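What follows is one structure encoded as structure tokens, with my remarks underneath.
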Amino acid sequence: MDTTTNIDLPIEASGNGFVLFITIVATIGGFLFGFDSGVINGTVDGLSEAFQSQSVGTGFNVSSMLLGCAVGAFFAGRLADRYGRKSLLLVAAVFFLISAWGSGIAGSGLEFVLFRIIGGLAVGAASVMAPAYIAEVSPAKYRGTLASIQQIAIISGLFAAFLSNYFLADYASGSTQVLWLNFEAWRWMFWMEIIPALLFFLMLLFIPESPRFLVVKKKTAQASEVLHKLYGASGQNKLAEIEASLSQDHKPQLKDLIDKNSGKVRPIVWVGIGLAALQQLVGINVVFYYGAVLWQAVGFSEADALLINVISGAISIAACVVALSVIDKIGRKPLLKWGSIGMTVSLAVVTLAFLNSEQHVDGRLALNDWGPVALIAANLYVFCFNFSWGPVMWVMLGEMFPNQLRGSGLAVTGLVQWFTNFVITWSFPMLLAGIGLAGAYGLYTFFALLSIGFVLRYVYETKGLELEEMKG
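By this note's numbering, the letter at position 202 of the sequence shown is numbered 204, and the numbering carries on one by one without gaps.
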């Protein structure tokens, strides 16, 4: 018998308490996703100084992780179909540990990039596997709420990274100053991640494999055991539903994404690709990765810029909590629509503020009277994103594909999401040097406006539907 379902679990194995427990464990991967993404924000000055990189090189050092994310997301879905959701999350935990240590100890730009790519593989895998795992163990009426915990975990990870960066830089009197054991503060920023990465690995040992994966692998007895713990007496009915939905299916393959009758990519795949790409094209990770650089560029000190990041992180968590409370009541599509409208308006105001900034002789910008306006609008934008596209995209990608397509659909949409993230993050320093902050944010405003039409035209509601009811 597979030992993954034989470990004694610390919660009475029945009902919502068990579902909540394994959801929280899975979302530690989301916390690491956020921490690994956000920690780079406070280390840009240290990387530039240590590795003598200019705008293009700095952009690649910051965004290199995202190449690993794209690869990790693409292969995670396929590998999880073969080896299991839990197995992939365990591998991701090990990669988080390796990356956290290596990124801090790196002695060259190439070495740093290699360790960041390893971390990226972990982030990419966790980003698609955690929501898919949660979707596969959650009852339909709670699925959106539970999957949204993933986004709260991501933002909490970002917030923890921002807070850690702020205090470490403050204690050392600057991110490039020596802190402990003759290592600079920016290196310790990466090493802080070792603690949650180790916790993630240990806690994963106490959760079961996805019951849907066990059914696919003909491990019916183990699937029945897990479903009984998840659903109680109705677990057998759920087992029958899963078996019925898979009875006509074959081994999942990438070619399943093509409709065999029309020979074209299935519409649901295009919707997933659109959601994945637009979530990044609105520029949110420029705020998360370059927040310190951005606010320093318009006249704030490093300490103030890092503090603004902390405030933005707190606002993000608040927004996710709001989304968590309403997503299973009002649905996914309304959140996306109103989030898109809010992002468009707030980004337009930020762009206007940057257009009205003044450039000093040293090349630095000053917002003057527009400073408070830019800060409020930027944080409103962060709120609107994390109230909508932040959590909802991951919820929908984890649940919108039929069982047969889920692994392959997540592989393709995860690849698109992270590659788009890479392009936006890598290009920002060059956009900053070329067309300035106003030009860059004008571009993100355009994509936010485009997202409104996309949601209204192509996105359909998945609230309350069982995974077995999803259509391709």
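Note that beta-carbon positions come from the ideal geometry of N, C-alpha and C, so glycine has one too.
Please read these numbers as outputs of a predicted model, since none were measured by experiment.
- Measuring C-alpha to C-alpha distances from residue 31 to each of 92, 72, 463 and 312 identifies 92 as the nearest.
- Distance between residue 440 and residue 416, taken at the CA atoms: about 29 Å.
- Remark: C-beta atoms of residue 99 and residue 183 do not approach each other more closely than 8 Å.
- Contact check for residue 420 against residue 72 passes: the beta carbons are separated by less than 8 Å.
- According to DSSP, residue 182 shares a beta bridge with 185.
- Within the same chain, 276 and 280 come within 7 Å of residue 456 by CB-CB distance, once the 5 residues on both sides are set aside.
- Check the Cα spacing between residue 126 and each of 82, 377 and 162: the tightest is with 82.
- Per the DSSP secondary-structure output, residue 317 pairs with nothing in a beta bridge.
- DSSP, read as helix, strand or coil, puts residue 437 in coil.
- Annotated as proximal: residue 159 and residue 33, with beta-carbon spacing under 8 Å.
- Its Cα nearest to that of residue 28, the residue 95 stands out among 77, 95, 80 and 39.
- For residue 194, there is no enclosing alpha helix (DSSP H), as DSSP marks it with neither H nor E.
- According to DSSP, residue pairing for residue 461 in a beta bridge does not occur.
- Spanning the alpha carbons of residue 68 and residue 102 requires a straight line of approximately 15 Å.
- Cβ contact annotation for residue 309 (same chain, cutoff 8 Å, sequence separation greater than five): 168, in chain order.
- Of the residues 433, 24 and 104, the one whose Cα lies closest to the Cα of residue 228 is 24.
- Between residue 399 and residue 133, the C-beta spacing is below 8 Å.
- Burial state of residue 312 is buried, judged by a 10 Å Cβ sphere holding 16 or more other Cβ atoms.
- Nearest in C-alpha terms to residue 380, of all of 356, 396, 393 and 395, is 356.
- Residues 345, 446, 449 and 450 of the same chain have their beta carbon placed closer than 6 Å to that of residue 284, with the five preceding and five following residues left out of the count.
- Per DSSP, residue 269 is one residue of the alpha helix (DSSP H) stretching across 269-283.
- Contact annotation, residue 155 with residue 36: C-beta distance approximately 7 Å; criterion of less than 8 Å satisfied.
- The beta carbons of residue 211 and residue 87 sit about 7 Å from each other, so the pair counts as a contact at 8 Å.
- Residue pairing from DSSP places residue 260 in a beta bridge opposite 267.
- Every candidate beta strand (DSSP E) stretch fails here, since none sits fully inside the region 204-235 while reaching 3 residues.
- Residue 170 is positioned such that its CB atom lies closer than 8 Å to that of residue 190.
- DSSP places residue 403 in no alpha helix (DSSP H); its state is neither H nor E.
- Residue environment for residue 318: buried (at least 16 other C-beta atoms within 10 angstroms of its C-beta).
- Residue 119 and residue 289 have their alpha carbons spaced roughly 21 Å apart.
- Distance from the CA atom of residue 434 to the CA atom of residue 114, rounded to whole angstroms, is 24 Å.
- Distance check between residue 97 and each of 162, 376, 198 and 138 places 198 closest, using alpha-carbon atoms only.
- Taking 8 Å as the cut-off, the Cβ atoms of residue 21 and residue 216 do not count as close.
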